[in-house]
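Enquirer: For reference, each letter of the sequence shown is one residue, going 1 to 144 in full-length UniProt numbering. All residues carry an ideal CB built from backbone N, CA and C; glycine is no exception.
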Amino acid sequence: MYPVMINIKGKKVVVVGGGKVASRKIKGLLDEGALVTVISPDLHSSIDATQVTWLARSYQKGDLEGATLAFACTDQASVNLQVMEDANPSQLVNNTGDKNHSDFYNVAMAKGKNFSVMISTNGASAAYSKAIRQKIEVLLEDLE
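1) Please name the residue, chosen from Val38, Gln51 and Asn106, that lies closest to Gln60 on a Cα-to-Cα basis.
2) Please classify Met84: does DSSP put it in a helix, a strand, or coil?
3) Which of the three DSSP states is assigned to Ser78 in this structure?
4) What are the residues that DSSP puts in a beta bridge with Val38?
5) Work out the CA separation of Leu30 and Gln51 for me, nearest whole Å.
6) Buried or exposed: where does Asp48 fall if 16 or more other Cβ atoms within 10 Å of its Cβ makes it buried?
7) In whole angstroms, give me the CA-to-CA distance for Ala77 and Phe71.
8) So within the UniProt domain "Siroheme synthase central" (116 to 137), which uninterrupted beta strand (DSSP E) runs reach at least 3 residues, ignoring any that extend past its ends?
9) Given this structure, state the Cα-to-Cα distance separating Asp42 from Ser58, to the nearest angstrom.
10) Whose C-beta lies closer than 6 Å to the C-beta of Ser23 among residues of the same chain, with five residues either side of it excluded?
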């Protein structure tokens, strides 16, 4: 994997799924100014439907049209795999259920005033990344 930071401000990002994992992805995407479209029959209570374009239905071929990035966040491996297969070569897809069938995965990030530190367990454990991030944030506070 090649580590980068991507400016997604004003870019269309599709999130397939509306559960807890999707809600975490959506929060980060909205914080960075992405134009988020959520495709899911239901939305997790933490997702503000007024901040996203919500298609209250199951995923359909063609739903990725115009998207820069996509996140397959359902609990159905077949749907997540279909999202991967439907993406065109210029679209990057994160299959949250299977890092081996993903173009990318997220990293944990500890932010200082003038720098950011990325933490990755290479897709193995989001919980471990979070624990490491919290320790680094304490160190960063001492530097500022």
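Expert: The answer reads as follows:
1) Walking along the sequence shown from the start, residue 60 turns up at place 60. Comparing Cα positions, the closest option is Val38.
2) Residue numbering aside, residue 84 sits at position 84 when the sequence shown is read from its first letter. Met84 falls in the helix class under three-state DSSP.
3) Position 78 of the sequence shown, counted from the start, is the residue given in the question as residue 78. Three-state DSSP puts Ser78 in a helix.
4) Start at 1 with the first residue of the sequence shown, and residue 38 comes out as number 38. Note: Val38 sits in a beta bridge opposite Val15 and Trp54.
5) Counting from one through the sequence shown, the residue named residue 51 turns up at place 51. Counting from one through the sequence shown, the residue named residue 30 turns up at place 30. Cα to Cα, Gln51 sits roughly 8 Å from Leu30.
6) As a first step, residue 48 is located in the sequence shown; it is residue number 48 there, counting from the start. The residue in question, Asp48, is exposed, as its Cβ has fewer than 16 Cβ neighbours within 10 Å.
7) Here the question's residue 77 lines up with position 77 in the sequence shown. Here the question's residue 71 lines up with position 71 in the sequence shown. About 13 Å.
8) 116 to 119
9) Here residue 42 is taken as the residue at index 42 of the sequence shown, counted from 1. Here residue 58 is taken as the residue at index 58 of the sequence shown, counted from 1. Answer to the nearest angstrom: the Cα atoms are 9 Å apart.
10) Locating residue 23 in the sequence shown gives position 23, where the first residue counts as 1. Excluding positions up to five away in sequence, the list reads His44, Ser46 and Ile47.
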